[in-house]
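Asks:
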Amino acid sequence: MSKLFCKPRTGQEAADRPWRRHPVMTTWIAAGFLGVLIGSLWTADGTLVPSALGESDSSGAARKGASGIPPGRSGNQLAQEPSPYLREASQQPVHWLPWGEAAFRRAQQEDKPILLDVGAVWCHWCHVMDVESYDNPEIARLVNEQFIAVKVDRDERPDVDRRYQQAVSAISGGGGWPLTAFLTPEGKVFYGGTYFPPEDRGGRPGLTVLLPKVAEVYKTRKTEVLASTERLSAGLKRFVAESNKKAALSQGLVDEVANHMVQQFDSAHGGFGEGVKFPSGSKIELALARHFVTRDATLLRIVTKTLDAMATGGVYDQLAGGFFRYSTDAEWRVPHFEKMNYDNAELLVNYLHAYQATGKALYRDIAQGIMGYLNTTLSDQAHGGFYAHQDADMTREDDGDYYTWSVEEVRSALPKEQADVILRYYDVQPQGEMRENPAKNVLWIAKTPERIAKELSFPAEKVRALLAKGKEGLGQARKKRKTPLVDKTVYSDRNGMLIVAYLEAAQILHDDQAKAFAFKTLDLLLREAYREGQGMFHAYFEGQARLSGLFNDQAQMANAALAAFEFTGEPRYLKVAKDLMDVAIGQFWDAKDGAFFDRRPESVALAALDHPVKDFEDDPVASANGVAAFVLDRLAYLTNDKRYDEKAVQTLEAFAGSAGRYGSFVAAYALAVHYHLNRSAQAVIIGGKADPKTLALWKSASTAYRPGKLVAVYDPAGLELESLPPAVAGAVKAFGVQGKPRAYVCAGATCAPPTGDPHEVATLVKRYGIKATAK
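Just add 823 to wherever you are in the sequence shown, counting from 1, and you've got our numbering.
1) Are the CB atoms of alanine 925 and aspartate 953 within a distance shorter than 8 Å?
2) In the structure shown, what three-state DSSP assignment does tyrosine 1591 receive?
3) By DSSP's criteria, alanine 1159 is part of a beta bridge. Which residues make up the other side?
4) Where do the ends of the alpha helix (DSSP H) carrying alanine 1283 lie?
5) Please return the same chain residues whose Cβ sits closer than 7 Å to the Cβ of aspartate 976, not counting the five positions on each side in sequence.
6) Give a yes or no on whether the C-beta atoms belonging to glycine 1255 and leucine 1142 are separated by under 8 Å.
7) DSSP three-state call for leucine 1403: helix, strand or coil?
8) From the DSSP output, in three-state form, read off lysine 1106 for me.
9) Taking the alpha-carbon positions, what's the asparagine 1082 to alanine 963 distance?
10) Going by alpha carbons, who is nearest to methionine 1380 out of Gly1358, Tyr1014 and Gly1392?
11) Got a sec? Which residues, its chain only, sit under 8 Å from histidine 1582 by beta carbon, not counting five neighbours each side?
12) In chain order, what are the residue ranges of uninterrupted alpha helix (DSSP H) at least 4 long that sit wholly in the segment 1311–1341?
13) If I measure Cβ to Cβ from tryptophan 1412 and keep anything under 7 Å in the same chain, skipping five residues before and after, which residues do I get?
14) Looking at tyrosine 987: is its Cβ nearer than 8 Å to the Cβ of valine 1012?
15) Grouping DSSP H, G and I as helix and E and B as strand, with all else coil, what is tryptophan 948?
16) Please report how far the alpha carbon of histidine 1361 lies from the alpha carbon of alanine 1384, in whole angstroms.
17) Using the rule of at least 16 other Cβ atoms within 10 Å of the residue's Cβ for burial, across every protein chain shown, is lysine 974 buried or exposed?
18) Keeping to the same chain, check which residues put their C-beta closer than 6 Å to that of leucine 1308; ignore five residues upstream and five downstream.
19) Check whether the segment 1456–1473 touches the segment 1485–1505, counting contact only when three or more Cβ pairs, one atom from each stretch, lie closer than 8 Å.
20) In the DSSP assignment, the alpha helix (DSSP H) including tyrosine 1485 goes from what residue to what residue?
21) Going by beta-carbon coordinates alone, are arginine 768 and isoleucine 1509 separated by less than 8 Å?
22) Examine the Cβ distances between the segment 1219–1239 and the segment 1257–1265 and report whether three or more of them are shorter than 8 Å.
23) Quick check on this structure: which residue in Lys1060, Gln1377, Ala1134 and Asn899 has the alpha carbon closest to the alpha carbon of leucine 1266?
24) Provide the residue span of the beta strand (DSSP E) that contains glutamine 1367, from first to last.
25) In the DSSP output, which residue or residues are listed as bridge partners for valine 1309?
26) On a CA-only basis, which of Ala1071, Gly1372 and Leu1403 is nearest glycine 1356? Give me that one, please.
27) Which full runs of the alpha helix (DSSP H) of 4+ residues lie inside the segment 1076–1144, going along the chain?
28) Look at the Cβ atom of proline 1530, then the Cβ atom of histidine 1176, and state whether they are nearer than 8 Å.
29) Excluding the five sequence neighbours on either side, which residues of its own chain have a C-beta within less than 6 Å of the C-beta of asparagine 777, listed in chain order?
30) Which first and last residues belong to the beta strand (DSSP E) in which threonine 1200 is found?
31) Please state the DSSP three-state secondary structure of valine 1037.
32) Taking phenylalanine 1411 as part of the alpha helix (DSSP H), name the residues at either end of that continuous run.
33) Please classify arginine 1590 as buried or exposed, where buried requires at least 16 neighbouring CB atoms within 10 angstroms.
34) Pairs of beta-carbons, one from the segment 1060–1077 and one from the segment 1481–1488, closer than 8 Å: are there three or more?
35) When you compare the CB positions of valine 1613 and valine 1568, do they come within less than 8 Å of one another, or not?
36) Which same chain residues end up closer than 6 Å to arginine 1187 when comparing Cβ atoms and leaving out the 5 residues on each side of it in sequence?
Shown next as structure tokens:
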């Protein structure tokens, strides 16, 4: 396998990144002369032009800087950081500082450029660069003498990562992790890239040569550097403005995004684009929602082909369940082996909804496999909370060794007949797919049990039994291997996604364990990481809530609280959802152009954080503004508060004028527009919560398949009509409560007559109010 950067801008993602072909690129190209400046410091024979740095700097002699700290003598400051990525670097000879005012103050006082490293503990190439370069004493000396070194965990600070990814991509044509950026002391990028080797290699400049040249440019051509960074900053701000173009909402906008998705679809292997394949949860949900309304067979084909290929491919952990982060090939066979909780959250919902839409048992089994992995590895079952992710490997040389198998390893772990079947089922060959260890194979399903039965002259039932025992045996053998690291940080936004997914599983699969853990996690976060009137913190780790919450934390947890309200009818969860969206409106809302910023605007923001950003694209999961519009629409229906409806419309209209250029990269946004324009069913059940008939109606409505539906239960005791959605209130006035549990199924402003029949409720939820638009 050829290892890829942890977030490549190649293949599927790079080919259609809209900001790479946006008109503002002309400004970015103007900024790109910085690379020429740095390149100009090479002589014709490839050696470095003699340094213009002062002797004390180049010799490393200690001199007091304006900060009062000897340059290169501050020491590494990461040992006490809670981030596992930062703590891993705390023993490196590089004098790393965490992101913060202190680092930028020192850079300004000493007039040194900043070397910014952004990465993650799960990132293979981050580990490679750490070992090759930042553990290297000579490279550390160069960094410490000539730069202020700052290291950032992109999971902790997605707001920092997003801004510097944009800037480096504008200069270099691509981004990813590790992100290596060179900044002015004020935090503006003047050069950067992703992975750099210690010495020149494969067309990439080595740090031993690059570091002095970058420092030379900053020292000798500062005026040009600063002018270029200003142009780049202005260009990026214009890009944000151009992507935030208002327009009226229309079905044509949704159709345009859906059509682009169809064009991207890989009909041979599933997924979207060519080469590298990432999960595309929002695209799958958009395809399911549009198929439900239009009955366009192509859209369902996109869903089933993609989910089938992923389920049988190496991107799915065939032994323990759960999906790896992405596939390095078009066939979904050879993954990058990190496992992210957010990918598995979206894929869990995809497989649950596909199971509802098709009844295919494979999708139910994969959904259960995802939860099995999350329950055993990525969660705190005792106290609540989903952990962030599991690392891909243990060392630089590790190439997925925990997850891959040689023929000899399979045969040593299993009896002969089991091994014979497993080797065929998973296509385990003497020559495997792994670059570092060619004998190692990724497990992917290559043959059916029926075909293996013919090859071995076994009954098919015997093959299935041997497969089951063989998988169990391999799983037990794998547990004896050293297990990749799990980051036990509990992030609010990702946990919100998983709470929603688990509550969906509880409804669709009647899984009481999923229900119990979803509420345990929700209650943990509301107790420890939520403050009424202030919103969510971003992270919870070892009993401490920390990091000021971002907008996505508020939106995803509001969605989780709404899901909890739908599940229980408990007003406290609706109150939390309202409060979180009120915080979002009060602290993140753009009063001028509409929609929400990704972080709270500040009068004086640190470095690139003064650059306004609104989450509009799905990168890598559903965009925060798309989720927020969906939540606001539901809150408006449940509360009769017109503010929420107004903000939902303003959020969607804020991007409607530019959405077409982004195609299916704004699938979550397009899905929110779809639900706004094509109101799904709303089933409001009025009945005593302890009444078995109420429960039967709720179960029937909850398990009925209709994308985007809303189900809510109200107790008739003390019920006020003003608290009901307007259409339901009208139906109650017309038909009365009738003294026994009844379900009122509505679509938009119209409702069907109330019913107490669970079967009729299911039928109404599935079909009421759907226009005849079938193709």
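Using N, Cα and C, we set each Cβ at its ideal position, and we do this for glycine too.
Being a predicted model, the structure only gives us computed values, none of them experimental.
Replies: From the atom records:
1) The answer is no: Cβ separation not under 8 Å.
2) coil
3) For the record, residue 1159 in the displayed sequence is histidine; it is not alanine. Histidine 1159 is bridged by DSSP to Tyr1149.
4) 1283–1302
5) Ser906, Tyr908, Leu909 and Ala943
6) Taking 8 Å as the Cβ cut-off, glycine 1255 and leucine 1142 do not qualify as a contacting pair.
7) helix
8) helix
9) Taking the straight line from one Cα to the other gives about 51 Å.
10) Gly1358
11) Ser1523
12) Within the segment 1311–1341, the complete alpha helix (DSSP H) runs of at least 4 residues are 1315–1331.
13) Phe1419
14) Valine 1012 is positioned such that its CB atom lies closer than 8 Å to that of tyrosine 987.
15) helix
16) Their Cα atoms are separated by approximately 16 Å.
17) buried
18) Asp1214
19) Yes, they touch.
20) 1482–1485
21) In the structure as shown, the chain starts at 824 and stops at 1598, and residue 768 therefore has no counterpart that could be examined.
22) The segment 1219–1239 vs the segment 1257–1265: in contact.
23) Measuring from the Cα of leucine 1266, the nearest candidate turns out to be Ala1134.
24) Looking at the DSSP string, the run of the beta strand (DSSP E) that includes glutamine 1367 is 1367–1371.
25) Gln1213
26) Leu1403
27) Runs found: 1104–1117 and 1120–1135.
28) Pairing proline 1530 with histidine 1176 gives a Cβ-Cβ distance under 8 Å.
29) Missing from the structure shown is residue 777; the chain here goes from 824 to 1598 and no further.
30) Note, threonine 1200: premise wrong, no beta strand (DSSP E); not H, not E.
31) helix
32) Following the DSSP letters along the chain, one finds phenylalanine 1411 in no alpha helix (DSSP H), marked with neither H nor E.
33) exposed
34) A contact exists between the segment 1060–1077 and the segment 1481–1488.
35) Look at the range of the chain in this structure, 824 to 1598, and you will see that residue 1613 is not part of it.
36) Tyr1178
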